[in-house]
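Trainee: Residue numbering for the sequence shown follows our numbering, starting at 884 and increasing by one per position.
Each residue gets a CB set at the ideal place from its N, CA and C atoms; glycine is no exception.
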Amino acid sequence: MPNTLYVTLDQTTTPWSVDVNQSNNANDVAQNALAQTITWQLSGNAAAGTFNSLTDPHNPGFAWTGTAPRAGIFHTPALNANGNTLTISDLNNSSSTTGSWNYKMCINVGGTLYTTITTGIRGTNTNPSIKNR
């Protein structure tokens, strides 16, 4: 089963923020002997944008927040050539690779940087996560 998460801008927040659609547990990754790819795709009102550089020290396109997963579970994230898709490989192959990890994202749409909300603001999609089951 593909693990695709669609990324849009949440215009109900001030300032606008990045919204990762995790509905129907799209962020849950079942155990598998093989590494699985998780893909974030800019869509809707963010489709014309790009993920920010993965090496930006202040606003990276993807970064773990809180406790990072142990080495060997996830490989380095990668951007496609157009910058509108980000992928990461997830090796969830045993009970030692299960867990839940929060991350943040930063995208550029029309020359403006937007980020996910990583604090609890009621009614918004905060603290996006990957859940290895």
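Have a look at residue 989 and residue 907 and give me their C-alpha separation to the nearest angstrom.
Mentor: Position 106 of the sequence shown, counted from the first residue, corresponds to residue 989. Position 24 of the sequence shown, counted from the first residue, corresponds to residue 907. Distance between the alpha carbons of residue 989 and residue 907: 23 Å.
Trainee: Name the residue from 984, 955, 923 and 928 whose alpha carbon lies nearest to the alpha carbon of residue 961.
Mentor: Along the sequence shown, one-based indexing puts residue 961 at 78. Among 984, 955, 923 and 928, the Cα nearest to that of residue 961 belongs to 923.
Trainee: Taking C-alpha atoms, which residue in 948, 929 and 998 lies nearest to residue 992?
Mentor: Here residue 992 is taken as the residue at index 109 of the sequence shown, counted from 1. The option with the nearest alpha carbon to residue 992 is 929.
Trainee: Taking 8 Å as the threshold, find out whether the segment 937-952 comes into contact with the segment 907-916 through three or more Cβ pairs.
Mentor: Because the criterion of three Cβ pairs below 8 Å is not met, the segment 937-952 and the segment 907-916 do not touch.
Trainee: Using CA coordinates, which residue listed in 1010, 997 and 1012 is at the minimum distance from residue 941?
Mentor: Numbered from its first residue, the sequence shown carries residue 941 at position 58. Cα-wise, what sits closest to residue 941 is 997.
Trainee: Going by Cα to Cα distance, which pick from 1014, 890 and 965 is closest to residue 926?
Mentor: On the sequence shown, position 43 is the one that residue 926 refers to. Out of 1014, 890 and 965, 890 has the C-alpha closest to the C-alpha of residue 926.
Trainee: Could you give the DSSP three-state label for residue 1007: helix, strand or coil?
Mentor: Start at 1 with the first residue of the sequence shown, and residue 1007 comes out as number 124. Unreliable placement is indicated for residue 1007, whose pLDDT of 48 sits below 50; the coordinate value is still reported in the next sentence. DSSP places residue 1007 in coil when its eight states are reduced to three.
Trainee: DSSP three-state call for residue 954: helix, strand or coil?
Mentor: Translated into the one-based positions of the sequence shown, residue 954 becomes position 71. Correct three-state label for residue 954: coil.
Trainee: Alpha carbon to alpha carbon, what distance is there between residue 999 and residue 1012?
Mentor: Taking the first residue of the sequence shown as 1, we reach residue 1012 at position 129. Taking the first residue of the sequence shown as 1, we reach residue 999 at position 116. Cα to Cα, residue 1012 sits roughly 11 Å from residue 999.
Trainee: Sort out for me which residues DSSP pairs residue 888 with in a bridge.
Mentor: Along the sequence shown, one-based indexing puts residue 888 at 5. The partner list for residue 888 (beta bridge, DSSP) reads 923.
Trainee: Relative to the C-alpha of residue 953, which residue among 968, 983, 904 and 937 is closest?
Mentor: Residue numbering aside, residue 953 sits at position 70 when the sequence shown is read from its first letter. Minimum Cα distance to residue 953 is reached at 983.
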